[in-house]
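S.K.: Under the working numbering, think of the first position of the sequence shown as 104, with each following residue one higher.
Don't be surprised by glycine CBs; every beta carbon is placed ideally from N, CA and C.
The structure that follows is given in the form of structure tokens.
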Amino acid sequence: MNRKRGIVHELVTNRILFLMLLPTLLYFFINNYLPMIGIYYAFVQFDFNVNMFHMNFIGLKNFEFLWRSGKLVELTYNTIGYNLAFIVLGNVLSITVAVLLSEIKGKWFKKITQSVLFLPYFVSFVILSVIVFNLFNYEQGVLNTVLNEFGVNPVDVYSKPKLWILFIILFFLWKNFGYSMVIYLASITGISEEYYEAAKIDGANTFQRAWHITVPMLKTTFVILLLFSLGTIMKGQFDLFYQMVGNNGLLYSTTDILDTYVYRSLKVTFDMGMATAAGVYQSIFGFTLIMVVNGIIRKINKDYALF
Numbered sequence: 104m105n106r107k108r109g110i111v112h113e114l115v116t117n118r119i120l121f122l123m124l125l126p127t128l129l130y131f132f133i134n135n136y137l138p139m140i141g142i143y144y145a146f147v148q149f150d151f152n153v154n155m156f157h158m159n160f161i162g163l164k165n166f167e168f169l170w171r172s173g174k175l176v177e178l179t180y181n182t183i184g185y186n187l188a189f190i191v192l193g194n195v196l197s198i199t200v201a202v203l204l205s206e207i208k209g210k211w212f213k214k215i216t217q218s219v220l221f222l223p224y225f226v227s228f229v230i231l232s233v234i235v236f237n238l239f240n241y242e243q244g245v246l247n248t249v250l251n252e253f254g255v256n257p258v259d260v261y262s263k264p265k266l267w268i269l270f271i272i273l274f275f276l277w278k279n280f281g282y283s284m285v286i287y288l289a290s291i292t293g294i295s296e297e298y299y300e301a302a303k304i305d306g307a308n309t310f311q312r313a314w315h316i317t318v319p320m321l322k323t324t325f326v327i328l329l330l331f332s333l334g335t336i337m338k339g340q341f342d343l344f345y346q347m348v349g350n351n352g353l354l355y356s357t358t359d360i361l362d363t364y365v366y367r368s369l370k371v372t373f374d375m376g377m378a379t380a381a382g383v384y385q386s387i388f389g390f391t392l393i394m395v396v397n398g399i400i401r402k403i404n405k406d407y408a409l410f
């Protein structure tokens with residue numbers, strides 16, 4: 104007769120495994136869960152000279168600067184729109200390149216290509232801003248220099264907001280898709296060769312094997328990365344936007360996101376309460392979204408859901 108074993112029995116039986124897990128649990132507790140006490144700042148009038156729990160409680164007043172700005176809808180739209188583009192295009196590009204690399208037979212060529220594509224991930228956003236400026240500078244930028252050589256009038260890119268939608272997405276993909284590509288490539292290497300051998304026997308060509316075997320096998324990895332990305336969909340890649348756009352007000356209509364707006368609004372007053380309120384708004388939105396999407400995925404296929 105099988106008897107249910109409690110948590111104490113599991114702790115004693117697998118004590119070595121739990122001890123190995125302890126540093127990870129401590130890391131997340133100290134760096135992720137303990138700082139959540141700071142959410143209280145969103146509901147008080149911040150004062151450096153007073154203990155957090157002795158500050159004046161002001162309810163939802165710290166959230167008012169977002170509503171009163173009149174830009175909350177635009178900021179939310181820009182933040183979500185860019186992040187959706189990053190998620191969708193980034194995953195499509197990463198999967199495509201990972202599948203193509205997996206079909207390359209040359210070992211050294213494959214490794215070199217993988218390293219070259221992954222390298223931009225380590226380029227800092229400050230360096231990226233220098234690259235962007237040298238490309239699009241009106242007087243001496245690469246773009247206008249080339250246009251002058253062909254007798255075409257120079258273009259003032261920094262006064263055309265709509266162009267920056269494309270530029271920001273392209274530079275984000277250039278810098279970050281290599282990271283996801285490596286994850287998908289690792290998933291592909293874990294697929295059993297028996298599937299491909301069976302497909303070859305049935306007469307499937309390279310494209311058919313990739314489409315009917317490799318891509319479906321990446322579903323789990325894609326869903327996990329998707330859910331992780333949706334959880335931070337309101338966190339708008341502050342470094343990317345701030346370094347590329349800076350304080351150019353002409354571009355704010357299409358490039359201003361919640362993070363950059365909050366930074367500009369509060370960098371003088373340094374109001375911790377208002378900044379925390381913006382963070383709480385982002386977190387609640389992201390949490391709600393990931394719960395909804397995870398629920399939808401669980402109804403479609405429980406194996407792909409996070410919980």
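1) Using three-state DSSP, classify Val396 as helix, strand or coil.
2) Can you tell me whether Lys405 is buried or exposed? The criterion is at least 16 other CB atoms within 10 Å of its CB, across all chains shown.
3) For the segment 277–297 against the segment 312–322, do three or more pairs of beta-carbon atoms, one drawn from each stretch, fall closer than 8 Å, so that the two count as touching?
4) Given this structure, state the Cα-to-Cα distance separating Leu231 from Arg401, to the nearest angstrom.
5) Note the first and the last residue of the continuous alpha helix (DSSP H) segment covering Asn251.
6) For Val147, name the three-state secondary structure that DSSP assigns.
7) Excluding the 5 residues flanking Ile207 on each side, which residues of the same chain have their C-beta closer than 7 Å to its C-beta?
8) Rank Gly382, Ser356, Ser205 and Leu353 by C-alpha distance to the C-alpha of Tyr366 and give the top, closest one.
9) In whole angstroms, what is the alpha-carbon distance linking Met104 and Leu409?
10) Examine the ligand PLP and report whether any of its heavy atoms sits within less than 7 Å of the Cβ of Val395.
11) Put Phe160 into one of helix, strand or coil per three-state DSSP.
12) Assuming Leu328 and Leu204 form a contact by the criterion Cβ under 8 Å, report the distance between their Cβ atoms to the nearest whole angstrom.
13) Verify whether the separation of the beta carbon atoms of Tyr241 and Pro257 is less than 8 Å.
M.R.: With the structure as the only source:
1) In the structure shown, Val396 falls within a helical segment according to DSSP collapsed to helix, strand and coil.
2) By the 16-neighbour rule on beta-carbons within 10 angstroms, Lys405 is exposed.
3) yes
4) 39 Å
5) According to the DSSP assignment, Asn251 belongs to the alpha helix (DSSP H) that extends over Val245 to Glu252.
6) strand
7) Lys213
8) Gly382
9) Annotation note: pLDDT 45 at Met104 (below 50); position unreliable, no value reported.
10) Summarising the ligand content, the structure contains no ligands, and the ligand PLP is consequently not present.
11) strand
12) Rounded, the Cβ-Cβ distance is 18 Å, inconsistent with contact.
13) yes
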